[in-house]
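FYI, the numbering for the sequence shown is 8 to 304, going by the numbering used here. Yeah, the Cβ is synthetic: ideal placement off N, Cα and C, and Gly gets one too.
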Amino acid sequence: LVEAAVAAGAELRAGFSVDELLAEDGRVCGIRGRERGGSAVVEKAHIVVGADGMHSTVARCVSAPEYNAKPPLQGPYFSYWSGVSMKGFEFYPGPYRGAFGWMTNDGLALIGVGFAAKDHPAVRADIEGNYLRAIAEDAPDLAERVKHGRREERFVGGLVPNYFRKPFGPGWALVGDAGYLKDPCTAEGITDAFHSAELLAEAIDSGLGGGLPLDEALATYEERRNSSALPLYEFTCQLATLEPPRPEMQQLLMALRGNQEQTNRFFGIFAQTVSVPEFFAPENMQKIFSRDQSACG
Ligand SMILES: Cc1cc2nc3c(=O)[nH]c(=O)nc-3n(C[C@H](O)[C@H](O)[C@H](O)COP(=O)(O)OP(=O)(O)OC[C@H]3O[C@@H](n4cnc5c(N)ncnc54)[C@H](O)[C@@H]3O)c2cc1C
């Protein structure tokens, strides 16, 4: 992607850090930053896009308002192990926690445990102890393999907030985690970041190319981002409570047993190939439950 952008005329400055935004007449018109170890540099622009993650400098400088925010719900701690083989994707739900793992590169297994936010103060006091105890209690077979393996990296993880930020204003826009973030339990962050980048690129193209006034095009970006993101945001936040599935969800999961087509569609929610409203539409629920009843009968 970076190569394609550079080939299309973009200039990439690795190691460049943005310190503050410049404004004229209430409109952002550039940035002040510096190369690593260098002196201050000023750059002017029609629009400054903050693609700078959850601790976004751009969002902070413009005081981008947050909405639909929820406090952190759960957070994983994970590390990489040698000498542990995984059987595909493994997941072990436990009480307000869940252990998970799969193989990555160089023969290393990523193994993590997500802990409910309420338990984080106690978990942080002894990450390794709580991590190993959760695996031993909820996943004895995995614990046995871990016992013969070796942890190769430090623990990574912690709590992640959930928010939407107003993603544009006079002369500025936000994209990716800078503009919208949710719990990592459904692993959507990279897909979401690319999706919002595509929507924002279309809006800026339309706004600077004369298709629509820029502010109108950016308002369309916010609407499109939110309408596609909100249902999955709510679904993810529900899962991230790590509470046992509600009775209606338990019934649905039971009804999916033996129904491969609809099971694939359910997991399509996580891959964003099937939308939450599409899957949970009354007609689809009726299809799933009527097939389940006829299979039982
Ligand atoms: C524990 C955890 C597990 C996750 N697991 C998954 C997963 O399995 N799948 C998935 O899709 N997503 C996952 N995510 C989310 C995913 O990592 C993010 O959603 C994604 O990286 C967001 O991309 P981004 O480009 O918006 O932000 P980032 O990847 O955060 O990139 C922002 C960049 O901006 C730079 N930057 C910041 N401030 C400045 C500044 N002032 N000047 C210059 N540069 C700056 C940073 O150095 C960084 O390079 C996970 C996140 C967490 C925390």
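With a threshold of 8 Å, establish whether the CB of residue i neighbours any heavy atom of ligand 1.
i: leucine 188; result: yes
i: valine 69; result: no
i: methionine 61; result: yes
i: threonine 243; result: no
i: threonine 64; result: yes
i: glutamate 195; result: yes
i: alanine 200; result: yes
i: serine 24; result: yes
i: phenylalanine 286; result: no
i: aspartate 184; result: yes
i: alanine 58; result: yes
i: phenylalanine 107; result: no
i: proline 191; result: yes
i: phenylalanine 96; result: no
i: phenylalanine 85; result: yes
i: valine 9; result: no
i: valine 35; result: no
i: serine 164; result: Correcting the residue type first, residue 164 is glycine in the shown sequence and not serine. Yes, the Cβ of glycine 164 comes within 8 Å of a heavy atom of ligand 1.
For the alpha helix (DSSP H) containing residue i, name the first residue and the last one.
i: tyrosine 103; result: Segment: none, tyrosine 103 is in no alpha helix (DSSP H) and carries neither H nor E.
i: valine 182; result: Neither: valine 182 is in no alpha helix (DSSP H) and is coded neither H nor E.
i: glutamate 209; result: 196-216
i: phenylalanine 242; result: 221-247
i: valine 305; result: As shown, the chain starts at 8 and ends at 304. That puts residue 305 outside it, with no answer to give.
i: valine 283; result: 283-286
i: alanine 129; result: 127-132
i: proline 254; result: 254-263
i: threonine 10; result: Looking at the sequence shown, residue 10 is not threonine but glutamate. Note, glutamate 10: alpha helix (DSSP H), 9-14.
Which residues in the same chain have their Cβ closer than 6 Å to the Cβ of residue i, if we skip the five residues on either side of it in sequence?
i: alanine 200; result: Gly183
i: glutamate 160; result: Ser86, Tyr87
i: glutamate 285; result: none
i: proline 269; result: For the sequence presented, residue 269 should be read as glutamine rather than proline. Cβ within range, chain order: Leu263, Ile295.
i: arginine 232; result: Ser203, Leu206
Return the first residue and the last residue of the beta strand (DSSP E) that residue i is part of.
i: isoleucine 276; result: Premise fails: isoleucine 276 lies in the alpha helix (DSSP H), 267-278, not in any beta strand (DSSP E).
i: phenylalanine 171; result: 169-172
i: alanine 123; result: 116-123
i: glycine 57; result: 55-57
Once you ignore the five residues that flank residue i on each side, which residues in its own chain have a CB closer than 8 Å to its CB?
i: methionine 61; result: Val167, Pro168, Asp184, Ala185, Leu188
Could you pull out every residue in the same chain whose Cβ sits closer than 7 Å to the Cβ of residue i, ignoring the five residues on either side in sequence?
i: valine 13; result: Leu19
Subject >> Segment contact, 8 Å Cβ cut-off, at least three pairs: the segment 73-85 with the segment 117-134 >> reply: yes
**OP:** Check whether the segment 98-111 touches the segment 206-222, taking contact to mean three or more Cβ pairs, one atom from each stretch, closer than 8 Å.
**Re:** no
Original post:
Which ranges would you report for the beta strand (DSSP E) in the segment 21-47 if only whole runs of at least 3 residues count?
Top reply: 24-31, 34-41
**OP:** Please specify which runs of the alpha helix (DSSP H), each continuous and at least 4 residues long, are wholly inside the segment 59-108, giving them in chain order.
**Re:** 64-69
**OP:** Specify whether the segment 185-194 and the segment 244-255 touch according to this definition: at least 3 beta carbon pairs, one from each stretch, less than 8 Å apart.
**Re:** yes
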